[in-house]
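Number of protein chains: 2
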Amino acid sequence: MNPSSPAPVTVAGRTLDHPDRERIRLDQVLQALADPLRLSVLRRLAAAGPGAELSCSDFDLPVSKSTSTHHFRVLREAGLIAQTYRGTAKMNALRGADLEQLFPGLLDAVLAAAARERAR
Amino acid sequence: MNPSSPAPVTVAGRTLDHPDRERIRLDQVLQALADPLRLSVLRRLAAAGPGAELSCSDFDLPVSKSTSTHHFRVLREAGLIAQTYRGTAKMNALRGADLEQLFPGLLDAVLAAAARERAR
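Protein chains in written order, with the working numbering: chain A, 1 to 120; chain B, 121 to 240.
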């Protein structure tokens with residue numbers, strides 16, 4: 001093994017990749033937001049309050065497990081949520097502070113728009 | 121011809137379909153916004169001021185004519201822009217008032233986020 005290689009940070013394949021804040025891209029954020037099911041996940045995380053963590057199974061989404069996993073991955077890879085393993089559960093938290101620092105008001109505006117559309 | 125059929129509103133194929141305001145959907149709006157080139161079109165229309173119309177060729181986009189036409193169509197079908205023929209030119213205007221009434225603050229937040237990302 002080349003000693004100059006960075007040490008792998010994965011622990012038994014249980015650590016998930018997240019973009020650093022400065023690598024979060026607006027087009028990927030908007031793409032991730034452009035889906036009613038993913039928006040519903042973000043609405044629940046936002047309603048749960050800053051720093052709140054919910055497990056994937058807490059959401060009870062009306063889709064298969066693999067589809068659900070796909071949607072959470074899209075949200076994580078876009079930089080909208082952080083996913084962490086706690087024992088056998090995968091916990092999800094909104095990256096609200098990162099997003100607010102990058103794009104002030106954007107997430108609030110999208111969540112408010114989603115609420116208005118549901119109320120139509 | 122069945123006299124009870126609605127009269128076609130298309131004039132020699134030169135009228136373009138637009139969603140009525142109440143049929144504009146958030147997921148389609150976000151999908152349309154999730155592209156740097158389409159965002160650049162909206163930025164220019166917003167900067168041109170309320171009610172301003174620009175022809176497709178005014179934008180000088182770095183893509184082929186057919187790709188450009190596709191992007192404008194995505195924006196129109198999502199309800200973000202109105203397109204009107206004036207002689208041989210296809211003119212584009214932001215549907216700012218419709219969007220503000222449906223989703224207050226959303227377009228401004230996205231345009232501000234785009235400006236911040238460009239300034240990084």
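Every residue, glycine too, gets a C-beta built ideally from N, C-alpha and C. The model shown is predicted, which means the values in this text are computed figures rather than measured ones.
Which residues in chain A have a C-beta closer than 7 Å to the C-beta of residue i? List them in chain order.
i             : result
residue 237/B : 26
residue 153/B : 30
Quick check on the burial criterion: 16 or more other C-beta atoms within 10 angstroms. Buried or exposed for residue i?
i             : result
residue 143/B : exposed
residue 110/A : buried
residue 101/A : exposed
residue 9/A   : Model confidence at residue 9/A stands at a pLDDT of 43, short of 50, so the residue's coordinates are unreliable; what they give is reported in the following sentence. Result: exposed.
residue 215/B : buried
residue 149/B : buried
residue 183/B : exposed
Report the rounded CA-to-CA distance for residue i versus residue j, giving the unit in angstroms.
i             : j             : result
residue 35/A  : residue 147/B : 6 Å
residue 135/B : residue 163/B : 25 Å
residue 88/A  : residue 57/A  : 11 Å
residue 120/A : residue 78/A  : 29 Å
residue 218/B : residue 173/B : 16 Å
residue 46/A  : residue 59/A  : 13 Å
residue 170/B : residue 201/B : 12 Å
residue 117/A : residue 145/B : 8 Å
residue 66/A  : residue 32/A  : 17 Å
residue 84/A  : residue 108/A : 24 Å
residue 161/B : residue 141/B : 20 Å
residue 61/A  : residue 181/B : 41 Å
residue 91/A  : residue 191/B : 38 Å
Considering only the alpha carbon of each residue, which of the options lies closest to residue i?
i             : options                 : result
residue 48/A  : 83/A, 18/A, 93/A        : 93/A
residue 19/A  : 73/A, 61/A, 114/A, 33/A : 73/A
residue 158/B : 171/B, 204/B, 189/B     : 189/B
residue 103/A : 235/B, 218/B, 219/B     : 235/B
residue 206/B : 175/B, 137/B, 181/B     : 175/B
residue 17/A  : 118/A, 75/A, 117/A      : 75/A
residue 112/A : 141/B, 226/B, 232/B     : 226/B
Could you list which residues in chain A have their beta carbon closer than 9 Å to that of residue i, in chain order?
i             : result
residue 225/B : 105, 108, 109, 112, 113
residue 170/B : The contacting residues do not exist; residue 170/B stays about 19 Å from chain A at best.
residue 139/B : None at all; the shortest Cβ gap to chain A is about 14 Å.
If you scan the segment 145 to 212 of chain B from start to end, which runs of the alpha helix (DSSP H) of 4 or more residues do you find wholly inside it?
List check, alpha helix (DSSP H) in window: 146 to 153, 156 to 167, 185 to 198.
Using a beta-carbon distance cut-off of less than 9 Å, what residues from the segment 53 to 76 of chain A approach chain E?
The chain labelled as chain E is not found among the protein chains of the depicted structure, namely A and B.
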